[in-house]
Structure formats: C-alpha cells, structure tokens
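Asker: Pasting a structure here, questions to come.
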Amino acid sequence: MLKLWLKANRPRAAVLLALSVLFQAVSAYSLYLISPQLNSLIGGKFTWLFGLALLKLALDLFGNLLLAVNNYLFSQQSQAAIDSYRQNLLQAYYDSNDQWPTADLQNDLVNNLQVINQDYWQSIYYFVNNVLYAFFVSVAILSFNWQLVLCAWAIAIVALFVPKLFEEKSSAATEAVVNRNQKYLQALDQWLAAIEELRRFSLKKVLCRQLGEESQKLEDARIKRQACLSVAEFTQEIVDNIGIVGVPFLAGILYFRGQVAFGAIIAAGYLANGVFSSLQEAFSAYISAKSTTKLNETMLQHLQVQAAAKTEDPQTIIGRGIEVNLGGQVIKYPDFTIKAGEKVLLTGPSGCGKSSLLKLLLGQIEPSKGQLTYLDSEGKEIPNPARSFEYLPQAGWIFPGTVTDNITMYDAKKQSKLAEVLKKVGLDRDFSKAVDLDREVSPQQADLSGGQKQKIFLARGLLRHKKFSLMDEPLSALDQASRQKILPLLLGRKQTLIFVGHNLPLEERERFDQVINLKEGEDFAN
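Residues in the sequence shown are numbered from 764 upward in steps of one, following the working numbering.
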C-alpha cells in the first residue's frame, strides 16, 4: 500500500519528502539556538542576544509555514492514493468471476481505507518526520560534545527494540477490529434487509438486541486494540524519561569539567527532550503502521484477483442430468441441447424454475447435480462465457444519470443509433423530446412506469448486438400492441435467444424453434 501511495503522484511525494527534511532541519536548528542565546545572556552580549532571538523567531515562522504546506501536500497525496485504490478495486471486482459479498466490498472501500489512511500512511508520514527530527537534533547535540550524543543514542537503541515486543499483539488486535467491523456490516445488511418483516412481527427489541450485540463486540475489539497500544506507549515513555533526565545530567558533569559551555546544559535538556519525544511518536507511528500488516496484505490481494478469461461465444450448450436445490425444493432439468441461433421459449407457472435455468447459464448458481457444458465452433469445451451474454432480468437496473445514459450505458458512440432503437421499442412516443431523454433518473425515482423501464432495458440490449441473449419475461409490463411489435423484432435478430415467457398465445409460441415447458412439480418437457 506504500507503493500505491507513492505512485499516486511521484513528483508530489518527492517534494513532500524534501520539505519534510527542510522542516525538521529548521526546527532542530531553532532549538539549538537556545545555547548561544544563554551564553550571550551570561556574557552580557545583548546585541548578539537580540539578533539570535530575531533569527529564532524567523525560523519558527518559516517552520510553521513548511508544516502547513507539508500537511496539505500529504492530504492531497493520500486522497489521490485512496481514489486510485478505489478505482483499482472496482476494476478488479468488475473483472473477477467471483461473486464478492457486498459487505466485504463496502468494508474495503470505506472502513479499511480509513484504517490504512490513518494507521498506515499517516503513521509512516509521522514516523519519517520524527526520525528526521531526531537525526537533526542529534547533530545539534554533537556540536556540544560527542559523549552527549553517545548517551542519547545508547538509550535510543534500547528504545528501538521495544516495538518488537508488541508488534504481533497489536497486529492481531487490528485484524480483530477489521473482522468485527465486517461482521457488524454483514449483520446490518442481513437484519435491515428484512426490516418490513420485523415491523410486521413487532420485533424491534430483537433487532436492537442483535445489532447491539454485534456493535458491542466491535467496540470491545477496538478497546482491546487501544489497550495494547497504550501498554506499548507506556513502556516507551519509561525509556524516554531515562534519556530526558540522563542527557542534561551528563551535560552538567561536562560543564563542571570545563568541556561544554553553560548554555549546553539547558539546550541539551531541550534537545534531549526533542530526541526522545520524537522517538516516542516515531515508536507509536511504527506500532500503528505495523498493526496494519495483515490488512495491507489482504487489501493488496483484492487488487490481484484473477480477471475473468475472455472466451468466444458458445455454439452449443449441453445440459445433462442437471438438478438445482432451491431452499429445499429440488428442480430436475431434462437433458437439453441448444444450438447457436436457436430461439428457445422457456415457459411454465410462476415459481417452477424458469429464472433458475437462466441463472445456471449465467453461472450465478451452481447445479447440485449434473453438468452444464459450453462448446465452441470446433466442439471443444470452453469456460462459462456468461460475461459475453446479454441478460435482461425480470427487474432490471436503472443507473444514476439521464434516460440516454441508461440506454447507451454511458457510451457516446451509441447515440447515433439511439433514435432508431427508440422507435423499434416504442420509446419514441414516451420520450418525444430531447429534454425528455436528458432528464435525470435514479434507482430511487418512481417517475418511470414499469413499461417504460422495460422498454429502456430492451433498447439497452438492442444496442449491444450480443450473439447470445437471455431474457426473463422482458415483455410482461407492456401492452398487447407493444408485445406484438417487439417480439418479432427479438426473434428476427441474428442471435441465440432463451426467452422466459408466461401464458404466451399459441401463435407467439409457434414462432420459437424450441419450447421448454416446466410444469410445477414435474420435469421439463420439450
């Protein structure tokens, strides 16, 4: 994830590092000036003292400006990295054959990215800046006496080993928070999806209790993680305090031996405090960053999902001994063969498995028994080619955007054929003006009738020119006149068509090459 952050904008990352080095050098030198200021005061050099005070003020103001610019650039860089990860994750999700749980995807896009930003990227930013500050302050102490630096760094080396004592526990605690957050989101999704049913049975207390238990487990995991981090920080503070007291004490001894000036005693105290406070913050940042190790690995793995293989359109689909178990109801399908270009009607009463056959073909569900085989033009078996299928479900999707966007699927190249397609499905009467086509619609809006939505879905499919089409009652919301106009259009296309229809008249049924009739409680019959 660090590489992702750096790649978001390499020049900006380089500028940010350079400004961080400059800022910490300025801050350390400003603190170092305490020593010559005290020596000037004791020596009665008030003009020199005044000049040093002005220099320190200028350095402090310049340092504040650098800090503000640094924080702004870091914020920009992190947001660019977040946007990049989201785009890459959505691309991986889109390309993958796997059906990812919605809660997992939401967790990565929102919560996990927040954890990475706050506990990883920010922690590394703080770690680098504090290590730089400790280095420049050490250089300032070295100008007084090498023994002071040796003392400071001896304690610092001990402090560097402290994080290893807590690394494993903090990482496990962070992973527990992530897992609990995911389970909480899953619980929300499962319970709130059935909110109307809960209301009918007056199960408010059950809802609150179940979600409350998951929420409490999440809070307990967060508290446990914070406790682990607090113990680690307390251990580090003990080491720091030894250094903060020890360095000025050694400076005092060196002063009485005539090896350092008086100002070095006070300045060494401030500088030592700077060393160990920065090391303490660097330690906390290190622990925080390391605690996200497993989360980093998981999120990077999500970006490396194998993309779905591209295959040619099938020439033959063969089903042998297929059974599907739907919540305890077993549907047995007869052996069937569908050739390229055939128009197949799938009919039968509601709830008898028509839509399930389409889902089998799409790979959305797996058969409990039997085998579904796709063959290419040479008779060789190919992987499920569902990505190349045109699919019109019973309830299609309206996307945020204009009516035109929902028909062309945001492809401007298809607008040249828009008028022709609108006329074919009868939408030219519903949206007779350009302003109608430019009207914004959304999944939540109810200002489109069922028939208008169905025509939009049909028009969307006609623009795609797929060679294999699955349609689940695509004309159910249309009037008789529209049905009689559109069905011949669908049957006349040069494509394989599997069409789910309910109570079609005999003259319409006879237009299909093959009719599969599923009767409730029975197998299919061709």
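For each residue, glycine too, the CB sits at the ideal point set by N, CA and C. Computed from a predicted structure; not experimentally measured.
#1: Where do the N-terminal and C-terminal ends of the alpha helix (DSSP H) with Phe898 fall, by residue?
#2: Take Thr1236 as the anchor and find which of Tyr1137, Ala855 and Ile1261 has the nearest alpha-carbon.
#3: With a Cβ-Cβ cutoff of 7 Å, do Tyr947 and Glu982 count as a contact?
#4: Leaving aside the five residues before and after Ser1041 along the sequence, list all residues of the same chain whose C-beta is less than 6 Å from its C-beta, in chain order.
#5: Looking at Tyr1211: is its Cβ nearer than 7 Å to the Cβ of Lys1106?
#6: Can you tell me whether DSSP reads Glu1153 as helix, strand or coil?
#7: Use the C-beta contact count for Asp882: other C-beta atoms within 10 angstroms, 16 or more gives buried, fewer gives exposed.
#8: Just how far apart, CA to CA, sit Ala1031 and Leu785?
#9: Thinking Ile1028 and Leu992 are a contact (beta carbons under 8 Å), I'd like their distance in whole angstroms, please.
#10: What residue ranges within the stretch 1217-1270 form continuous alpha helix (DSSP H) runs of no fewer than 4 residues, ordered along the chain?
#11: Are there 16 or more other CB atoms within 10 angstroms of the CB of Ser933, so buried, or fewer, so exposed?
#12: Apart from the five residues on each side of it in sequence, which residues of its chain come closer than 6 Å, Cβ to Cβ, to Gly1026?
#13: What did DSSP end up calling Asn1059 once you bin it into helix, strand or coil?
#14: Less than 8 Å between the CB atoms is what I'm expecting for Ala776 and Leu1066, so what's the real figure, rounded?
#15: Judging by CA-CA distance, which residue of Gly1104, Met764 and Ala771 is the nearest neighbour of Ser886?
#16: CB Gly1126 to CB Lys1117, shorter than 7 Å?
#17: If I'm right that Pro1130 touches Val1087 with Cβ under 8 Å, what's the distance once you round it to whole angstroms?
#18: Beta carbon of Ala1222, beta carbon of Ile1170: below 7 Å?
#19: Within the same chain, show all residues whose beta-carbon is closer than 8 Å to that of Val921, passing over the 5 residues directly before and after it, in chain order.
#20: Just grab the DSSP bridge partners of Glu1144 for me.
#21: With DSSP run on the structure shown, which of helix, strand or coil describes Leu1211?
#22: Give the DSSP-derived three-state secondary structure of Gln1092 in the structure shown.
#23: To which residues does DSSP link Tyr1080 through a beta bridge?
#24: Smallest Cα separation from Val1263: which of Arg1256, Lys1257 and Arg1272?
#25: Should Val1184 and Leu1226 be called a contact, given that it needs their Cβ atoms to be closer than 7 Å?
#26: Is Val789 closer than 7 Å to Leu822 when the C-beta atoms are compared?
#27: Under 8 Å Cβ to Cβ from Phe1152, same chain only, skipping five residues before and after it: list those, please.
#28: Would you mind sorting Gln1043 into buried or exposed? The rule is 16 or more other CB atoms within 10 Å of its CB.
#29: Among Ile805, Glu1203, Arg1246 and Arg1256, which residue has its Cα nearest to the Cα of Ile1161?
#30: At the level of alpha carbons, what is the spacing between Phe1287 and Asp1098?
#31: I need the straight-line Cα distance from Thr1136 to Ile1094, nearest angstrom please.
#32: Check whether the stretch 906-914 and the stretch 936-955 are in contact - that is, three or more C-beta pairs closer than 8 Å.
#33: How many Å lie between Leu852 and Gly1189 at the Cα?
#34: Hey, out of Gln1157, Ile1219 and Pro1156, whose CA is closest to Lys1186's CA?
#35: If you follow the alpha helix (DSSP H) that Pro1130 is part of, which residue opens it and which one closes it?
#36: Identify, in the order they occur along the chain, each residue of the same chain with its Cβ nearer than 6 Å to the Cβ of Asn874, setting aside the five sequence neighbours on each side.
Answerer: Reading off the structure:
#1: Gln885 to Leu905
#2: For clarity, residue 1236 is Glu in the given sequence; the question names Thr instead. Checked all of Tyr1137, Ala855 and Ile1261; the closest Cα to Glu1236 is Ile1261.
#3: no
#4: Asn893, Tyr896 and Ala897
#5: The sequence shown places Leu at residue 1211, rather than the Tyr named in the question. Result no, Cβ atoms of Leu1211 and Lys1106 do not sit closer than 7 Å.
#6: strand
#7: buried
#8: 22 Å
#9: Wrong, their Cβ atoms sit about 35 Å apart, outside the cutoff.
#10: 1243-1254
#11: buried
#12: Ser798, Leu801 and Asn802
#13: helix
#14: So it is not a contact: roughly 20 Å between Cβ atoms.
#15: Met764
#16: no
#17: 6 Å
#18: yes
#19: Val1002
#20: Leu1138
#21: coil
#22: strand
#23: Note that residue 1080 corresponds to Ile in the displayed sequence, not to Tyr. Its beta-bridge partners are Ile1101 and Tyr1137.
#24: Arg1272
#25: yes
#26: yes
#27: Leu1124, Leu1125, Lys1229, Phe1231, Ser1232 and Leu1233
#28: buried
#29: Glu1203
#30: At Phe1287, the pLDDT of 40 sits below 50, so the modelled position is not reliable and the matter cannot be decided from this model.
#31: 18 Å
#32: no
#33: 39 Å
#34: Ile1219
#35: Pro1130 -> no alpha helix (DSSP H), and no H or E assigned at all.
#36: Asn944
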